[in-house]
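Novice: Residue numbers (the working numbering), protein chains in the order written: chain C, 1 to 113; chain V, 114 to 226. Virtual Cβ for every residue (Gly too), placed ideally from N, Cα, C. Input: one structure, supplied below.
Number of protein chains: 2
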Amino acid sequence: MFTGSASIEIVIAVIAIVFFIVGAIINKRVIHQGQQTSAEIDLQKIEELGLSKREYEVLCEIASGLSNKEIANKLFVSESTIKTHVSNVLVKLNAKRRTQAIQIAKKLQIIEQ
Amino acid sequence: MFTGSASIEIVIAVIAIVFFIVGAIINKRVIHQGQQTSAEIDLQKIEELGLSKREYEVLCEIASGLSNKEIANKLFVSESTIKTHVSNVLVKLNAKRRTQAIQIAKKLQIIEQ
DNA sequence: TTAGTACTCATACTAAAGTATGAATTGTAT
DNA sequence: ATACAATTCATACTTTAGTATGAGTACTAA
C-alpha cells in the first residue's frame, strides 16, 4: 500500500514535470515562429480606422522617412495627391503631424516597428 | 479494475494538461519580461555620432511625435533653440527630415522601438 | 442607372520645419 | 587665463507640410 501510493505520486510528479516542460517548449516555438513570420500587423485595426489601401501605403512611406515629393515619385502620382492622402491619414489616426502618426501607428501595431 | 485504471488515467491526463498550460503561461511571462527589460539602446553609438546630451533629448522627443514648439515648452527653452538642435541632429544622423531621423535612429538602436 | 467610395489632381492658402548666420553665456580642461 | 564645447537665442530666409475647396474619373453595389 505504501509503496503503491508512493509510486503513483512519483508517476504523477514525473508527468507533471514532463508536461510542464513540453508546454514551455511548445509555447516558445510558437512565439518564435510568430516573431519570425508575422510582424503582427493588425489588419483588422486598419479597417476599423477606415484607412484605404492607398492611404495605408502612404502611411508606410511616411514611416520610412520619405517626403511627400519622394512618396509621389515612388507611387507615380502628383505631390498634391499625396498631400490629400496624408491629410486623410492624419484625420483617421487623430494625429496632428506625420511624426505623431508614426507613433500612433506603431502603438496600434498597424506598421512595422 | 476498469473503473480504477480509468480514473487514474483521467487524473494523469488532467495533471498533464494543467502542467502543460502552466508551463506555457510561465514561459510566456518570462519572455515578455525579457522584452520589457531589454531596450538595448546603444549608448556607445550615440557618442560615436557626436550627439550631445541635449541633442539626444530632442531626438527622443521628435521620435515621440512632438513639434518643435511642443519640445520647446517641454524643455523650457525657445523654439529657435530647438530648431538649432534639430538641425544639428539631422546633420549628425545624415538625415534630410525628422521622419528620416527617426528611422535612422531606430536602425542604429539609439532610441526605443 | 444611380449613389457611394476611392483615387486622382489643382489652386490657394496657412503653418511648421529646416537653413544660415551671428552672438552671448556657461562650464571645463589645459 | 584661455581655448573649447555645449547651450542658448534671435533674425531672416527657403522649403515642406498640412488645410480647404472643388472637381474629374473609375469602379462597385443597390
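CB V/GLN216 to CB C/GLY65, shorter than 7 Å?
Specialist: Position 103 of the second sequence, counted from the start, is the residue given in the question as residue 216 of chain V. Position 65 of the first sequence, counted from the start, is the residue given in the question as residue 65 of chain C. For V/GLN216 and C/GLY65, yes; Cβs fall inside 7 Å.
Novice: Can you tell me the Cα-Cα spacing of C/GLU47 and C/CYS60, whole angstroms?
Specialist: One-based indexing of the first sequence puts residue 47 of chain C at position 47. One-based indexing of the first sequence puts residue 60 of chain C at position 60. Straight-line Cα distance between these residues: approximately 15 Å.
Novice: Going along chain V in order, which residues have a C-beta closer than 8 Å to the C-beta of C/ILE62?
Specialist: Here residue 62 of chain C corresponds to residue number 62 of the first sequence, with the count starting at 1. Under the 8 Å cutoff, chain V gives THR212.
Novice: The ligand ADP heavy atoms versus the CB of C/PHE76: any closer than 6 Å?
Specialist: This structure lacks the ligand ADP; in fact it carries no ligand of any kind.
Novice: I need the straight-line Cα distance from V/ARG210 to C/GLN44, nearest angstrom please.
Specialist: For the purposes of this step, residue 210 of chain V is taken as residue 97 along the second sequence, with counting starting at 1. For the purposes of this step, residue 44 of chain C is taken as residue 44 along the first sequence, with counting starting at 1. The straight-line gap from Cα to Cα measures roughly 31 Å.
Novice: Helix, strand or coil for C/LYS96 per DSSP?
Specialist: As a position in the first sequence, residue 96 of chain C is number 96, starting the count at 1. It is coil, neither helix nor strand.
Novice: Which residues mark the beginning and the end of the alpha helix (DSSP H) in which C/LEU59 is found?
Specialist: Taking the first sequence and counting its residues from 1, one reaches residue 59 of chain C at position 59. 53-63 is the span of the alpha helix (DSSP H), which, as asked, contains C/LEU59.
Novice: Can you tell me whether DSSP reads C/VAL77 as helix, strand or coil?
Specialist: Mapped onto the first sequence, residue 77 of chain C falls at position 77. DSSP places C/VAL77 in coil when its eight states are reduced to three.
Novice: Given V/ILE195, which residues of its chain have a CB within under 7 Å of its CB, disregarding the five upstream and five downstream residues?
Specialist: Your numbering for residue 195 of chain V matches position 82 in the second sequence. VAL171, ASN181, ILE184 and ALA185.
Novice: Given a cut-off of 7 Å on the beta-carbon distance, is the pair V/LEU206 and V/ALA214 in contact?
Specialist: By 1-based counting over the second sequence, the position of residue 206 of chain V is 93. By 1-based counting over the second sequence, the position of residue 214 of chain V is 101. Result yes, Cβ atoms of V/LEU206 and V/ALA214 sit closer than 7 Å.
Novice: Are there 16 or more other CB atoms within 10 angstroms of the CB of C/ILE62, so buried, or fewer, so exposed?
Specialist: Position 62 of the first sequence, counted from the start, is the residue given in the question as residue 62 of chain C. With 16 or more Cβ atoms within 10 Å of its Cβ, C/ILE62 is classed as buried.
Novice: When you compare only the Cα positions, how much space is there between V/ILE130 and C/GLU9?
Specialist: One-based indexing of the second sequence puts residue 130 of chain V at position 17. One-based indexing of the first sequence puts residue 9 of chain C at position 9. Each residue's alpha carbon lies about 17 Å from the other.
Novice: What is the DSSP secondary structure of V/SER180, reduced to helix, strand or coil?
Specialist: Within the second sequence, numbered from 1, the residue matching residue 180 of chain V stands at position 67. Coil, per DSSP.
Novice: Buried or exposed, going by whether 16 or more other CB atoms sit within 10 Å of the CB of V/GLU153?
Specialist: As a first step, residue 153 of chain V must be located in the second sequence, where it is residue number 40. The residue is exposed, with fewer than 16 neighbouring Cβ atoms inside 10 Å.
Novice: Grouping DSSP H, G and I as helix and E and B as strand, with all else coil, what is C/GLN109?
Specialist: Position 109 of the first sequence holds residue 109 of chain C. If DSSP states are grouped into helix, strand and coil, C/GLN109 belongs with coil.
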